[in-house]
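Just below is one structure, and these are the notes that go with it.
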Amino acid sequence: MGAAGDGRLRVGMIGGGPGADIGRTHRFAMRLDDRYTLTAGVLGRDPGRSAELAASLWIAPDRVYRDFGEMATAEALRPDGIDLAVVATPNDSHFPIARAFLAAGIAVVCEKPLTGDVASSAELVRLAAEQDVLLAVPHCYSAYAMVRHAARLVRDGDLGRITFVDVEHASGWAATPLERTGHKQAAWRTDPDTAGFPSVVADLGTHAYHLVRYVTGLQARQVSAQLHTLVPDRRVFDNATVALRLDGGTPGRLWAGMAATGHDHGLRIRVFGDRGSLEWQHEDPHHLSVSDLTGRTTVLAQGMTLSPDADRLTRVGLGHPEGFLEAFANFYRDLADELAARRDGLTGMPRELSFPTGVDGLRGVEFVAAVAGSHDRDSAWTPVHPPIGTEH
Numbered sequence: 001m002g003a004a005g006d007g008r009l010r011v012g013m014i015g016g017g018p019g020a021d022i023g024r025t026h027r028f029a030m031r032l033d034d035r036y037t038l039t040a041g042v043l044g045r046d047p048g049r050s051a052e053l054a055a056s057l058w059i060a061p062d063r064v065y066r067d068f069g070e071m072a073t074a075e076a077l078r079p080d081g082i083d084l085a086v087v088a089t090p091n092d093s094h095f096p097i098a099r100a101f102l103a104a105g106i107a108v109v110c111e112k113p114l115t116g117d118v119a120s121s122a123e124l125v126r127l128a129a130e131q132d133v134l135l136a137v138p139h140c141y142s143a144y145a146m147v148r149h150a151a152r153l154v155r156d157g158d159l160g161r162i163t164f165v166d167v168e169h170a171s172g173w174a175a176t177p178l179e180r181t182g183h184k185q186a187a188w189r190t191d192p193d194t195a196g197f198p199s200v201v202a203d204l205g206t207h208a209y210h211l212v213r214y215v216t217g218l219q220a221r222q223v224s225a226q227l228h229t230l231v232p233d234r235r236v237f238d239n240a241t242v243a244l245r246l247d248g249g250t251p252g253r254l255w256a257g258m259a260a261t262g263h264d265h266g267l268r269i270r271v272f273g274d275r276g277s278l279e280w281q282h283e284d285p286h287h288l289s290v291s292d293l294t295g296r297t298t299v300l301a302q303g304m305t306l307s308p309d310a311d312r313l314t315r316v317g318l319g320h321p322e323g324f325l326e327a328f329a330n331f332y333r334d335l336a337d338e339l340a341a342r343r344d345g346l347t348g349m350p351r352e353l354s355f356p357t358g359v360d361g362l363r364g365v366e367f368v369a370a371v372a373g374s375h376d377r378d379s380a381w382t383p384v385h386p387p388i389g390t391e392h
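So the sequence shown is numbered by the UniProt record's numbering: it starts at 1 and just counts up by one.
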C-alpha cells in the first residue's frame, strides 16, 4: 500500500453511519491535521444509506463495499489500498472486523472495548504483532495536552510516591430509560447481547481505567467490584464501583456510571502522592490543578510553557481552550506519525507518552472480566491477569 498522491494516509471506515456520533467524531478528528483521506468504507448495515453517506463524503462508488470481508480482501489487493481501517461499530462486531483487516496486513483503529472477552482481545494483539501492523484503541482522553502533562509530572516524580488514585466516569446520559424511546445509541448499549451485561464497565469503565494507567503508569493487580442497575428493568448494569489494588499495593477507587443523574460527561481523575497531588476534569480540560503538601494549589493552563508532551499537543495559544475533537485529532496525529514512518520505511521514534495500542485495549478487557468476576463472587478481591507474553 502506498500514500495518497499528496502524501496523506488512506483510511477506510466500517460503521459510523448516518446518525452515529462516533463516526462523525472520527472523521472530524482525522481532518483536523489533514494527514488522512477517507477513501473506502462500509458505513452501515443498509447498503442504500451507506452509499448515500459515502457519496456525501466523496468516497468513490467502487470503494463502497457490501461487507467488511469484501472490503478487507479488495483493499489489500489494491496498489492504492487503505493504510488504516477504522472500526466504529457496536461492541459485538469488533473482533471479526478487526481480525479480517489485521489478517490482510492493514492497520486498525478499533473502538473500545476491543472485544467482548480476554481471549479474543489477546488474539487480535497476537495477530497484529505477527503481521507487524499497528492496532490502536482510541482512548482519546489520554491525548489531551493537560493529561499528557499530568502523566509527565507523575513520571518525573513531582508528586513523589503515589499513595492513592481516584477516578470516575459517571455520566447521566442514561439516567432515564432512553432505550425504550427509540434512542439508537441507548438501544444497543443496553442490549446485553451487543454490549455485554457489564455494559457500563466496557463503555465508560475502560476509559477511566486507561486514564489511571496512562497518568500513573500503574496497573491494577486486583479489583473488588459491585455492579448495579439503577434504572428499573434495564437489562444491563449501569453503575459500577470498583476498589483497586494497583502495583506495589497502591490503593485506588473507580466509579463508572451512565445513570449518574445530573452529571454531564463526568470524567475526573485525582492522583495523590506523598509530595503533592493533581486533579483533571474533562469538562474543564485545559486546566490541571496541582497541590503541594501545604494545600497550596496551582492551576496550570494549556498554552503555558509546560512539558514538551503537553506543548506538542497544543494547537492555539494561552487563553484559547481546546476540547474533545482536538484531543481525538491528537490521537490520530500521533498515529499518523507512526503509520507514515512505517509506510515510508523509516525508523519510528517511539514516545513514552503516545497513542493507546491494542495492548491497552486488551488491558481494558481484562479489567472488565475481573470486575464481572469479582461482582459474581460477592465483591471478592479478584486478580487482573495479563495473558502470558503480553506483560508490558
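We treat Cβ as the ideally placed atom computed from N, Cα and C, and that holds for glycine.
Here Ala-259 is near Ala-175, since their CB atoms are less than 7 Å apart.
Scanning Gly-319, Asn-330, Arg-213, Arg-49 for the CA closest to the CA of Ala-29 turns up Asn-330.
When secondary structure is reduced to three states using DSSP, Gln-131 falls in the helix class.
Here Phe-95 is not near Thr-73, since their CB atoms are 7 Å or more apart.
CA-CA distance, Arg-24 to Val-11, rounds to 14 Å. Burial state of Ala-128 is buried, judged by a 10 Å Cβ sphere holding 16 or more other Cβ atoms. By the Cβ-count criterion, Pro-232 is exposed, with fewer than 16 other Cβ atoms from all chains shown falling within 10 Å of its own Cβ. Minimum Cα-Cα distance from Arg-213 among the listed residues Val-64, Gly-48, Met-13, Thr-357 corresponds to Thr-357. For Pro-177, the CB contacts under 6 Å within the same chain, skipping 5 residues up- and downstream, are Val-231 in chain order. The residues His-149, Leu-300, in chain order, have a CB closer than 7 Å to that of Leu-306 in the same chain once the five nearest residues on each side in sequence are set aside. By the criterion of a C-beta distance shorter than 7 Å, Leu-102 is surrounded in its chain by Val-108, Leu-124, Leu-127, Ala-128, Gln-131, Val-133, Leu-135, once the five residues flanking it on both sides are discounted. Unbroken alpha helix (DSSP H) runs of no fewer than 4 residues, entirely contained in the stretch 288-347, are found at 308-311, 324-343, following chain order. Taking the C-beta atoms as reference points, Val-223 is found nearer than 7 Å to Ser-374.
Counting only residues of its own chain and dropping the five nearest sequence neighbours on each side, Asp-238 has a CB closer than 8 Å to the CB of Ala-174, Thr-190, Ser-199, Val-200, His-228, Thr-229, Leu-230, Val-231, Gly-257, Met-258, Ala-259.
The beta carbon of Leu-159 is closer than 7 Å to those of Leu-153, Val-271, Gly-273, Arg-275, Gly-276, Ser-277, Leu-278 in its chain, skipping five residues each way along the sequence. Residue pairing from DSSP leaves Val-236 without any beta-bridge partner. With a cut-off of 8 Å on Cβ pairs, the stretch 360-371 is not in contact with the stretch 49-68, counting fewer than three such pairs. DSSP, reduced to helix, strand and coil, places Leu-77 within a helical segment of the structure shown. With 16 or more other Cβ atoms inside 10 Å of its own Cβ, Leu-38 counts as buried. Within the UniProt domain "GFO/IDH/MocA-like oxidoreductase" (147-279), the complete alpha helix (DSSP H) runs of at least 4 residues fall at 184-189, 192-195, 206-216.
Note on Arg-35: 16 or more other CB atoms within 10 angstroms of its CB, so buried under the neighbour-count rule.
Apart from sequence neighbours up to five positions away, the residues of its chain that approach Thr-314 with a beta-carbon distance below 7 Å are Ala-145, Gln-302, Gly-303, ordered along the chain.
Here Ser-171 is buried. Its C-beta has 16 or more other C-beta atoms within 10 Å. In the three-state DSSP reduction, Ile-22 falls in the helix class (H, G or I). Checking the DSSP bridge columns, you'll see Gly-15 partnered with Ala-88. Cβ atoms of Trp-188 and Thr-181 stay farther apart than 8 Å, at about 14 Å.
Beyond the five residues adjoining it in sequence on each side, His-265 comes within less than 7 Å, by CB distance, of Ser-171, His-282, Glu-283 in the same chain, given in chain order. Contact annotation: Val-384 and Ala-370 have beta-carbon atoms nearer than 7 Å. A check of alpha carbon separations from Leu-246 across Arg-253, Arg-234, Gln-219, Gly-262 identifies Gln-219 as the nearest.
In this structure, DSSP gives Pro-285 a state outside helix and strand, which the three-state scheme calls coil.
Following the DSSP letters along the chain, one finds Val-368 inside the alpha helix (DSSP H) bounded by residues 358-376.
Per DSSP, Leu-43 lies in no alpha helix (DSSP H) and is assigned neither H nor E. Phe-164 and Ala-60 have their C-alpha atoms roughly 52 Å apart. Between Ile-14 and Ala-85 the beta-carbon gap is near 6 Å, inside 8 Å, which marks them as a contact.
In the assembly as shown, Trp-280 is a buried residue. Its beta-carbon has 16 or more other beta-carbons within 10 Å.
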